Every structure is written in C-alpha cells, then in structure tokens.
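A.B. asks: Have a look at this one before I ask anything.
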C-alpha cells in the first residue's frame, strides 16, 4: 500500500492504482494524506471541497465523499480501519513507508541528526528522491494549492541545502545543472545564484559565473526595483579579482579532515542590521496554564516528531490568550536564535490590519526597506518566505480574524514556527494545531488574585475573596480588573468590592478600570458577527445560566435550524462547546459575564420580540417533555394537555433525541427546572404548570423528589397568582403524591382535597378520579380501610364513565388490594385478574409488573409461596429493566415478606436490607421502617436478640419521625402504590 502527494496524487494497493470517483474523492484523499495520522476537521474538508459558495448540505456531501473513498480503498484491499471517523472529522492511518510525505519528512529529520556533511547530503538526497514533480499538481483546490506551495517550498529549501553541502564537499561539477534549473524556478533567490556562481568559478568558468550575476542583477532591477544584496555584490567582486580563497576544496570525494572555507564563509548570507526581538514584555504575575504551556512547548520543539509549525490559541474575550502566548514565546525564544517577530493583526478593532501592510512591516523588521519592498501581496509574501527560509524564527500573530489574514504571513521554512491568538477558529490553516483556552481553574484564579492584591488581604477575608472570584467567573481579565480596583483602593475591604459586583445588573459597570473593561472586550467580538448571530447571543442570555442543547437557537430566531448561527458564535468563542452528553448531543454554555453582556444587549430588543422568543423555546421544551413522557413506562401522573402552545423540532431531530427518553430527561434535568422558572419569570403560567406537571412521571421513576417539589412549587405560585384553577389542581395532585412518598400524610390530604374541589369546579372528571384515588392511598396507609375502599370505588366509577382504561387498570388493582385486606380472597382474585388482563391489553409492562407484585400477596395468603415468588421475580425483572428503583424496593420488600413467612432468614434478610437501602436513599421512612422491623423479627426468631433490638430500635426511630411529621403516634402501613 503506497500513497503519494509529492507529485500527482497517487494511491496504489497491491500493485494496482486505486480508482477515485471524481475530483471530490481526490480532494478528500489529498486532505487526509496531508495530515496523515492526525484528525482532519470537518471544517477543513469542507474548505478543501469548495473554494466558494459552500452549499447547506456541505457536511453531508463530505461524509458521502469520504464513505465512497473508503469503499474504493477497501475494495482494493485496504483495511477497514485505514480511514477512521473521529470527533469532528476523519483520520487516515499510515506507516512511514506508505506515504511519500512521511518518508520525506523522516529523511529530512535524519539529515538534521547527522554530524558528517557527507551523511547529511546522502539523507537529503534520499528525501529528494521521494518527489515525482510538483506537489498535488493535478488536484484543483485553493486550499490544497496553499498546501502544495508550502510543500514545494520545503522541497526547494531541501534541494538548496543539499546542493550547498555538496558544493562544500567539492562536487561543484555535479551540482551546476541542478543549480541552474533551481535558479530558473526561483529567479529571485540570491542564495541559489551565489552557489551557482561559486560552482561555475571552481570549474574555471569565470565568465559564466559573472554572466549569472549579471542576469540576476537585471532581473532584480527590472522586476523588483532593487539591487543584489551586499554579500552577493562582494562575491561578484571576488570573482572578478580571482580571489584564491574561492578555490575548490582539495578533495572532491568526501569531507576533508579540515573543512575548507565554504562559499558561505566567503560570501555570507544577508544579515539583518540588528536582531529581531519584538516580543512584548512578559506578564510578571503569570500563573497556571501548565497544560497549555506544555502543549505549546511540544508543538514548538523542533526535535519532536509531531511538531506543528503553526499553533492557534483560541479563546473568548478576556480569557488570557495574549498573556499565554507572550509567556510561551519568551520561554521558547532560545529555540529561535534568529529572532522573534510580533505582528498585531487587530482583527477585533475598527480597522483590521491588511496582510500586505503586515508583510511590509515584517520586511522592514528584516532590514528590507524603501523601494526594496515589492508592491504586490504575493511578491511581498514570496520575499518574506525567502528571507526566512534558512532562519530559525518565531512569528507571533496577535488577534487574527480569519485565515486569509494569516496565510500570507506564514513562513515556508521548517526552522520557523508561528503562534497565533484568535477569538475564532482558523480551521483553514494547513497543518495548524488549535489550543482551546478556557477560564482559569479555581486554584489558578485565586493565585492570580492573591498575587496582585497581596496574601494578607485575602487571608483577612477568604470568603469575600471566593465570592469576588465567583462573580468574575475565573475569567483572567475580570480578575485583573477587580484586583486593580482593590490595589488602587487599599482602604477598601474585599467586602466593599464584593457588594458592588454581586449585583448582576451592576457587575459590568463595576468591572472596569482605565481602558480595561469586560463590556468593551465582548463588544469587540460582537462587532465581527452578523446581525442574526448578535440577536441569537442576546436571546441566549435570557435563558439563564444553563448548559443548553444546540436546538434552542432555531426557535429563538424563529427558524427551523439555527446550527449555522450557533457555529458562528462558537467559532467566535462567545458560546462554549462544553461537552457531549450521554445521547451524543453537543452541549453549549455562555460564560456568566458574557451572558450578562448578552442580557444587556437584549435590553435593546422590543419586549414583545423577547417574549415571543421565550414562548417559542418553552413550546419546544413542552413538546419534547410530552414526547419523552409518552415513551416512559406507564404512569398516571401526567395530566391531560392544557392550552399552552407546542412547537415541534424537525422529525429527524426529535427521533434522535427521543431514542432514549430516560437519557434525554437525565441530560436536560437542570434545563427543565430552568424552563419552569423562565416561564414563571415571564408570567407564562400555562406553560409553567404544564412543564412542571409534564416532568412528574420522570421524577417519579427516578425518585427525584427535590426537583419534583421545586418545579411544582414554582409553577403553583404562578398558577395561583393567575387564577389558573386547572393548573393549580394538577400541581396539587402531583404534590399530594409526593407528600405520600415523603410520609407527609397531613400535607398530602390538604393538597389532594383542594385538588378534588378544583377539579369539580372546572369539570375535570379525569383529574378528579386521579386525585380521589391518590387520596385513598392516605386513607389506606393510615388504617381507614372503609374510607379507602369508598374512595377507590368512587374514583373507579368516574374512570369507567370517562372511558379511561389506564386509570381503570390501576384502580382495579387497588380494589383487589382492598378486598384482600378485608379477607375476601376470591373477590380479590377476580379484581387482580381483571387488572392484569386490562394492563396487558394496554401493553403497559410497568402496570403489569405492579399488578403481579400485589397479586403475590394473594398467592402467599393462600399458601402458595412459590407462585408468589414467581410473580415477584417477574415484576422485579421489569422494574430493574425500567430502572424504577422505588417499585423495585417495594418488590424486594414483598420478597422478604414471603421468605420471612417461610422462616428463611438467609433469603429474606438480604432482600429486606437491599430494599431498606433503596427506601433510605429516596426518603421513604415508612417502608424503610417496615424492612428493619421485619429484619429484627427474623433476628429474634434466630436467637440474635442483640441485633434484633438494634434493628427494631431503628424502625421505631423512623416511625417516631413520621409521627412527629403527621402529629400521630400510630405506625402507618406501607405506602406501596
């Protein structure tokens, strides 16, 4: 298997060429080979595929092209793993001898390691032998043309180095033809001209050497308006005078024992008037960033095998990009003895710097001035690269805006490296490595803050220091501004500053000192964005401090898809891609200070526009909640829809999100509470209660009682204030069920009785049936069996009348339990059988498992423990599959009871202990107490009276706690639904 870039694109497997179906596959292969064994970002592949007019389906077309390329390669015998899919792109995996570019780089690296000139020349010749012509000569793409130019310059530099060494080895006759051809390709290259002149002179062709000089002089004068450099003029004079020092070395077959004076020593290269040392002053209080510094150092290390010539430090406003790059550049300056260039591209300013002007500035720093600086951009870039080709220099490009601003400023020489800071991703830069810079860690933030204001002030008020850093969000610029204020006001306590910045509405105004300002820094980024991106950021700021899914941008802007706008915000480092959730969906977040800026920007928008955007987003949340709840195991907590608007995402997106409904709820748990709060804050009471009630089924399965209560209480306040009787009745029913789970039976009774009254007032028959049925649980748990039975019958009658078979299935099971408690076993069996038949007809596996669990009591009462256990194990398997811990705990409690009835302590105790642990975790004191009481009884029966007392005391303490909550001393019955 062999691939080639150093010439026409070449792919061969098992001795035959790999067919490429059109230019698209060729471009994809070329792009992957250029960065072999590294991930090639999707953005770069898109840029390679289309020079202009990128279609909306670009990503899909790239994926199709890579898939077709894979198929062709595999069909020719390549392994399936040759091209692998990576996060955000693709990677081709090749050994050194399978790609000419890797082999070329390897031989060059070997040449650098040699100490003998002859061995160096041989290695360079092996490197040049890898070439078959100009790189990628037959693959049309503007991006690939830039890469090809870079490779061709590297080839030319290698060729020049090789010929210079061979000239010093006395092989002047052998190198003349190659030097002549090389000068024809690079007519402005004075170094090649110098070597050719020396070679001709040593072959006693003095006249031809002088003609070569004259041709170069005329070319430079006619086309660039400049004269040859002084060193070349000096060489010309030495040839005219037949300087004996220019004679050939004694031996032409290899290096002599004493190296002869080379052409380099006889005619030194152009030297700069003074060393270029333009780096800004280092930051004296620089802290942290150890991982980023180590990565930059590795990328700049010339001896490292995977060294990158270009490193882009990307980050949002005020994150400390410039400080990091300056510090890293100074640390690495010893590796670049020929100097360090610093150019500020000012992309975020009112007037971004033109690359042609930047090149002129760089050329002046390199001692090229006046008329010697060419007029055109390409000519300046060529001269710039030529001057750096044999130098080891570090170029720092500050505040770059886009790839076109940077590309002309990239040196072509291997000995040079480039560090770039940018607020946007520059994925079109060939071979560049991106380092994404985030805020400081809490420890680093505290170290920076302490270093500026002094440890004594921090030690006096450590809590205030932490609060200030929290308000700053660990953003370096914010910390420096806050620290600067304190430094300039030594009489201030830290409390004074904390009080001034903890109010979010005043924070941006306070975080300003001199020319430093968070607001101004963010505004610089906003100026570079299109209007729809600025609007999207402003509206995102209204959604709160949450980690959001990407789909929210679409409804905010009232369009089907907002991905392109979101990508522009991510690329501008204003929105941060924080992670990918368990469903594979990317998650995004605004830094708190950027969110504050966004909210300020949103203040200029009409209130009606903002309210409509909020309604659209919340309408999507409500639709997704309903869809996810419909896919959860059956439950009766979900209320019938109200009148709140609903808005659906595209079907493909919905199907992807809903593939794992529990996983979706888990990922959006914080956002769902945030959505309820957002609805309440905007006075959207109908959306608020529907969102809160819609999540109850999920909270029930996951036993998330705190989230359940918080969301319901938030929405309840809004519904009550708006006089929304339907919403209040639904929320009180949900809170009533929650109070039962928490053994708060008095509160449950009050909530449910009010819910029943409101349901009757609004004619909500289904809601009335559910509230009455839930209230019957309180009656049963507190031992009022007749009342419980009456309420179950009442609720069942309503459900049957309404034709709601789900409620009928649940209440049929409840009737069976009541008859069982009354000792009416045959009638209980009839009810259990009917409930089981109805649950199976509804295909409700969760309800089937609940009925089986309750049915086991009847089997056990009739003396058939084996059948009871069969029902229980079947139910437990269903609950565990559905990850319903609470129902699994109830089932384990029943398992323990059956085994205890058989005096099988070895089987009963583990089941009861496991159930007790689950009840304890979910705050169910009543059923936990029952478990410990049963375990204590088993201990006593086995003669373990000490442990029996311990377990019974534990149960008693739990019952006493329940009694204190409900003002009763009688132990309640288990509350299993």
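Residue numbers (the working numbering): 420 to 1396. Ideal Cβ positions, reconstructed from N, Cα and C, are used throughout, including at glycine. Just so it is clear, the structure is predicted and the values come from calculations on it, not from any experiment.
Using 10 angstroms around the beta-carbon of residue 874, count the other beta-carbons present and answer buried if the total reaches 16, otherwise exposed.
C.D. replies: Flag for residue 874 reads exposed.
A.B. asks: If you compare alpha carbons, which of 1009, 1005, 936 is closest to residue 1438?
C.D. replies: Lying outside 420 to 1396, the shown extent of the chain, residue 1438 is not represented and no answer is given.
A.B. asks: Mind pulling the alpha helix (DSSP H) runs of 4 or more residues that sit fully within the region 1080-1118?
C.D. replies: Listed in chain order, they are 1080-1086, 1088-1100, 1104-1113.
A.B. asks: Is the beta carbon of residue 900 less than 9 Å from the beta carbon of residue 888?
C.D. replies: For residue 900 and residue 888, no; Cβs fall outside 9 Å.
A.B. asks: To which residues of the same chain is residue 988 closer than 7 Å at the C-beta, ignoring the five residues directly before and after it?
C.D. replies: Excluding positions up to five away in sequence, the list reads 952, 955, 956, 994.
A.B. asks: By a C-beta neighbour count over all protein chains shown, 10 Å radius and 16 as the cutoff for buried, is residue 1023 buried or exposed?
C.D. replies: That one is exposed.
A.B. asks: Using 8 Å as the cut-off, can you tell me whether the region 1229-1247 makes contact with the region 1273-1284, which would need three or more C-beta pairs spanning the two stretches below that distance?
C.D. replies: Contact between the region 1229-1247 and the region 1273-1284 is present, because at least three Cβ pairs lie under 8 Å.
A.B. asks: For the 8 Å Cβ check, are there 3 or more pairs between the region 1064-1071 and the region 1034-1048?
C.D. replies: Contact holds: three or more Cβ-Cβ distances are below 8 Å.
A.B. asks: At the level of alpha carbons, what is the spacing between residue 895 and residue 1145?
C.D. replies: Each residue's Cα considered, the two are about 50 Å apart.
A.B. asks: Is the beta carbon of residue 588 less than 9 Å from the beta carbon of residue 536?
C.D. replies: Yes, Cβ-Cβ distance for residue 588 and residue 536 is below 9 Å.
A.B. asks: Mark residue 739 as exposed unless 16 or more other C-beta atoms lie within 10 angstroms of its C-beta, in which case mark it buried.
C.D. replies: Residue 739 should be labelled buried.
A.B. asks: Helix, strand or coil for residue 1010 per DSSP?
C.D. replies: Reduced to three states, the DSSP call for residue 1010 is coil.
A.B. asks: Cutting at 8 Å between CB atoms, please list the residues of its own chain near residue 595, excluding the five before and the five after it.
C.D. replies: Excluding positions up to five away in sequence, the list reads 615, 618, 619, 622.
A.B. asks: Compare the beta carbon distance of residue 1142 and residue 1111 with 9 Å and say whether it is the shorter of the two.
C.D. replies: Not in contact: residue 1142 and residue 1111 (Cβ atoms no closer than 9 Å).
A.B. asks: Do you know how far the Cα of residue 1083 is from the Cα of residue 1119?
C.D. replies: When rounded, the distance between both Cα atoms is 15 Å.
A.B. asks: Should residue 656 go down as buried or exposed, given a rule of 16 or more other Cβ atoms within 10 Å for buried?
C.D. replies: Exposed, because fewer than 16 other Cβ atoms sit within 10 Å of the Cβ of residue 656.
A.B. asks: Give the DSSP-derived three-state secondary structure of residue 841 in the structure shown.
C.D. replies: In the structure shown, residue 841 sits in a strand (DSSP, three-state: E or B).
A.B. asks: Does the distance from the C-beta atom of residue 1356 to that of residue 1348 stay below 9 Å?
C.D. replies: Cβ distance not < 9 Å, so residue 1356 and residue 1348 don't count as in contact.
A.B. asks: Which same chain residues end up closer than 6 Å to residue 1379 when comparing Cβ atoms and leaving out the 5 residues on each side of it in sequence?
C.D. replies: Closer than 6 Å at the Cβ level, and outside the excluded window around residue 1379, lies no residue.
A.B. asks: Taking Cβ to Cβ, would you say residue 452 is nearer than 9 Å to residue 488?
C.D. replies: Cβ distance not < 9 Å, so residue 452 and residue 488 don't count as in contact.
A.B. asks: In three-state terms, what does DSSP make of residue 1276?
C.D. replies: Helix.
A.B. asks: Mind checking whether residue 1358 and residue 1324 have CB atoms under 9 Å apart?
C.D. replies: Cβ distance < 9 Å, so residue 1358 and residue 1324 count as in contact.
A.B. asks: Just tell me which of 1168, 528, 506, 504 has its CA closest to the CA of residue 515.
C.D. replies: Answer by Cα proximity: 528.
A.B. asks: Which partner residues of residue 995 appear in the DSSP bridge assignment?
C.D. replies: For residue 995, which the question treats as bridged, DSSP gives the partners 1008.
A.B. asks: With distances taken between CB atoms, is the gap from residue 1157 to residue 1135 smaller than 9 Å?
C.D. replies: Against a cut-off of 9 Å, the Cβ pair of residue 1135 and residue 1157 comes out as no contact.
A.B. asks: Could you tell me the distance, in whole angstroms, from the CA atom of residue 584 to the CA atom of residue 603?
C.D. replies: When rounded, the distance between both Cα atoms is 20 Å.
A.B. asks: So, do the region 731-748 and the region 699-710 have three or more beta carbon pairs nearer to each other than 8 Å?
C.D. replies: Yes, the region 731-748 touches the region 699-710.
A.B. asks: Rounded to whole angstroms, what's the CA-CA distance from residue 519 to residue 1014? Just pull it up for me.
C.D. replies: Distance between the alpha carbons of residue 519 and residue 1014 is about 50 Å.
A.B. asks: Can you confirm whether the region 1190-1199 touches the region 1164-1174 when touching is taken to mean that 3 or more C-beta pairs between the two stretches lie within less than 8 Å?
C.D. replies: Cβ pair count under 8 Å is three or more, so yes.
A.B. asks: Return the CA-CA distance between residue 559 and residue 464, expressed in angstroms with no decimal places.
C.D. replies: The alpha-carbon atoms of residue 559 and residue 464 are separated by roughly 14 Å.
A.B. asks: Using a Cβ-Cβ cutoff of less than 8 Å, which residues in the same chain neighbour residue 1132 once the five nearest sequence positions on both sides are dropped?
C.D. replies: Contacts found: 1154.
A.B. asks: Report yes or no: do the region 773-786 and the region 749-762 share at least 3 C-beta pairs separated by less than 8 Å?
C.D. replies: Enough Cβ pairs lie closer than 8 Å, so yes.
A.B. asks: Sorted by chain position, which residues of the same chain lie with C-beta nearer than 7 Å to residue 748's C-beta, five sequence neighbours on each side aside?
C.D. replies: Once the five neighbours on either side are set aside, the close Cβ partners of residue 748 are 698, 759, 813, 815, 838.
A.B. asks: Classify residue 1292 as buried or exposed, calling it buried when 16 or more other Cβ atoms lie within 10 Å of its own Cβ.
C.D. replies: By the 10 Å Cβ count, residue 1292 comes out exposed.
A.B. asks: With a cut-off of 8 Å, do at least 3 Cβ pairs link the region 792-803 to the region 853-866?
C.D. replies: At 8 Å Cβ cutoff, the stretches do not touch.
A.B. asks: For residue 607, which three-state DSSP category applies?
C.D. replies: It is coil, neither helix nor strand.
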